[in-house]
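Numbering (our numbering), first residue to last: 1157 to 1652.
This is the structure we're talking about:
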């Protein structure tokens, strides 16, 4: 058993509220009791927007935010998505939660929510939904101007991560928001199924939604909003840019997961892409190939950075594949990997004896500081998921050793499902910093050519040589043997 890691037998792992004192501990316990009460009150119930309002006022703002995040993330709850956009978009001086990236994410998800139409039967309710929707669009445009290019990319990645956590249906939504040809249905398609009247009725529903979103957004594609974006060098009105190649990839992922409608979307979109005179067949083929090795942009949702100090909870369901990978952590995680990550992140202050600027043994205080920082109960013993999170955080912040470790984990399916494309991504990140082991591991991938990696023996040989020159001992020994063999060969005229 790897020292310092506690194997978790739970199906998933939770992100508690900030734990920094007795008051927060009570808030954590009350939040758990509230959740338990919701589950045990007669029928099993999911917390929704109103439960978040109660938790905000009676327990703590963090408890309310956690409920809204869960309802918005997992259930596409429109009101919770709007509320999160409002909370994170509040710029008033006393607001501790302001984060334009996170606010944009939830406003965007609200405007593409499939649940907008649930409460428009009454004209007064319709007015509220209309005002919320319009505010979400306005705020998106404001943040498009305020965010940097890196922040806009981060917002895009967060949206993709959240939708990918919703299973096959989330990938259908990703395909829909990236597709360029899901336009108005004129009812003349010719294949109406068993009931032409029902089909036309559904077509009318779609056309109403299409016109609603097109008309609502039209004000931002021209006029002052468009002029402001041009002045700032921002070419699009959204961080999600329509791209049929990406749409095809997401529909393929949904099809591979068994979604019954994914192939229908492919039936309509794929011929249109293939029919393009400019690289259409290649775009279609690459979309299919990418779908088999796709991985979300993050291993875990970013913890965020606002004045509250409360990390953003990751409400993604833990899949069976992920559970199996996490179960391997205790026995298979490289020795010292988590200690290195915690040291790099600044949570461990004990250097290894006799070595400057190196992490020491994993200690309970370092683990507790890390757990408190990410909003978990500071038990001092890492769960398998927390060990992976620490390594992922250090890798994302630029620690070459953790980047190499994460690549090994992807290659072996330890802590994360096996994905050789993602392994290559992290090996390359570390190799760019001249981390010798990562250069060698990247060479191994190109020599073997596993799923998703095109075999390239010449590149592999170059990487092996580079790893030896960078000081990686296994390849240094191989290179020394090769040179010894060459030196021992017969003398040739003209060579000295």
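Note that the Cβ used here is the ideal one computed from N, Cα and C, for glycine as well.
| query | result |
| --- | --- |
| Would you check if there are 3 or more beta carbon pairs closer than 8 Å linking the segment 1387-1400 to the segment 1255-1267? | yes |
| Using a 10 Å radius around the Cβ and a threshold of 16 neighbouring Cβ atoms, would you call residue 1302 buried or exposed? | exposed |
| Grouping DSSP H, G and I as helix and E and B as strand, with all else coil, what is residue 1574? | coil |
| To the nearest angstrom, how far is the alpha carbon of residue 1248 from that of residue 1336? | 38 Å |
| Is residue 1287 buried or exposed, if buried means 16 or more other CB atoms sit within 10 Å of its CB? | exposed |
| Taking residue 1479 as the reference, which of 1426, 1411, 1569 has the closest Cα? | 1569 |
| Can you tell which of 1252, 1224, 1241, 1244 has the C-alpha that lies nearest to the C-alpha of residue 1464? | 1252 |
| Take residue 1299 and list the residues in its own chain whose beta-carbon comes closer than 7 Å to its own, dropping the five residues that flank it on each side. | 1256, 1259, 1260 |
| By how many angstroms is the C-alpha of residue 1319 removed from the C-alpha of residue 1455? | 14 Å |
| In chain order, which alpha helix (DSSP H) runs of at least 4 residues are fully inside the segment 1263-1327? | 1279-1302, 1305-1320 |
| From the DSSP secondary-structure annotation, give me the bridge partner or partners of residue 1354. | Note: residue 1354 sits in no beta bridge, so no partner. |
| I think residue 1208 touches residue 1224, with their Cβ atoms under 8 Å apart; what is that distance to the nearest whole Å? | 4 Å |
| Taking C-alpha atoms, which residue in 1218, 1294, 1216 lies nearest to residue 1238? | 1294 |
| Classify residue 1370: buried if its beta carbon has 16 or more other beta carbons within 10 angstroms, exposed otherwise. | exposed |
| Inspect the beta-carbon positions of residue 1282 and residue 1232 and report whether they are closer than 8 Å. | no |
| So, is the C-beta of residue 1602 closer than 8 Å to a C-beta in chain C? | In summary, chain C is missing from the structure at hand, where a single protein chain is found. |
| Measuring alpha carbon to alpha carbon, tell me which residue in 1452, 1428, 1406 is nearest residue 1418. | 1406 |
| Quick one, which of 1416, 1544, 1521 has its alpha-carbon nearest residue 1536's? | 1521 |
| Do residue 1608 and residue 1572 count as a contact pair if the criterion is CB distance below 8 Å? | no |
| What residue does the alpha helix (DSSP H) around residue 1617 start on, and which one ends it? | 1613-1625 |
| Helix, strand or coil for residue 1388, going by three-state DSSP, please let me know. | coil |
| For residue 1311, which option in 1380, 1382, 1460, 1528 has the closest C-alpha, if you only look at C-alpha atoms? | 1460 |
| CA-CA distance, residue 1254 and residue 1290? | 20 Å |
| What are the boundary residues of the alpha helix (DSSP H) that includes residue 1420? | 1418-1430 |
| Under 8 Å by Cβ, that's how I've got residue 1580 and residue 1586 pegged, so tell me the actual separation to the nearest angstrom. | That belief does not hold up - the Cβ atoms of residue 1580 and residue 1586 are roughly 11 Å apart, past 8 Å. |
| Mind reading off the beta-carbon distance from residue 1575 to residue 1482? Whole number of angstroms is fine, and I expect it under 8 Å. | 15 Å between Cβ atoms; not a contact. |
| Could you give the distance in angstroms between the alpha-carbon of residue 1493 and the alpha-carbon of residue 1629? | 19 Å |
| Are the CB atoms of residue 1409 and residue 1450 nearer to each other than 8 Å? | yes |
| Alpha carbon to alpha carbon, what distance is there between residue 1327 and residue 1355? | 24 Å |
| If residue 1582 and residue 1551 are in contact, beta carbons under 8 Å, what's the gap, nearest whole angstrom? | 6 Å |
| So, under 8 Å CB-CB, residue 1244 and residue 1297 are touching, yes? Tell me the CB distance rounded to an integer number of Å. | At roughly 16 Å, the Cβ-Cβ gap does not stay under 8 Å, so residue 1244 and residue 1297 are not in contact. |
| Quick check: what's the CA-CA separation for residue 1305 versus residue 1250? | 27 Å |
| With DSSP run on the structure shown, which of helix, strand or coil describes residue 1260? | helix |
| Using the C-alpha atoms, what's the distance from residue 1382 back to residue 1389? | 10 Å |
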